[in-house]
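Residue numbers (full-length UniProt numbering): 1 to 103. Even for Gly, the Cβ is constructed at its ideal location relative to N, Cα and C.
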């Protein structure tokens, strides 16, 4: 079994080039059960009636809470350096993703 931590207790993380390029998302849909949070990242385009989930991340409730805190802290730091992020009103996005029950 390969060791993922060095002697200093630091975790070595590998980032593949394809993952490093990232995936653009302008919509996230979050669902949860007793044991997990599921975050689907989607890229919706104006005038296109269909959108695909580009990435899905599944988290334990504990990790979801840690992510929420880390994201809030990073938004706070960003706004300290760059000013308030404006949250513009947008029309509701129709949530007609998934099967429609048609045969």
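Distance, residue j Cα to residue i Cα
i          : j          : result
residue 27 : residue 70 : 19 angstroms
residue 88 : residue 19 : 30 angstroms
residue 47 : residue 62 : 38 angstroms
residue 8  : residue 15 : 20 angstroms
residue 44 : residue 11 : 35 angstroms
residue 79 : residue 85 : 7 angstroms
residue 2  : residue 83 : Legend: pLDDT at residue 2 = 49, less than 50; position of this residue unreliable, value from coordinates given subsequently. Whole-angstrom Cα-Cα distance: 44 angstroms.
Closest Cα partner of residue i within the set the options
i          : options           : result
residue 52 : 19, 77, 82 and 24 : 24
residue 30 : 68, 16 and 17     : 68
residue 22 : 33, 34, 85 and 42 : 42
So, do the segment 23 to 40 and the segment 56 to 66 have three or more beta carbon pairs nearer to each other than 8 angstroms?
Enough Cβ pairs lie closer than 8 angstroms, so yes.
Minimum length 4: unbroken alpha helix (DSSP H) runs contained in the segment 29 to 89:
As far as the segment 29 to 89 is concerned, its whole alpha helix (DSSP H) runs of at least 4 residues are 61 to 82.
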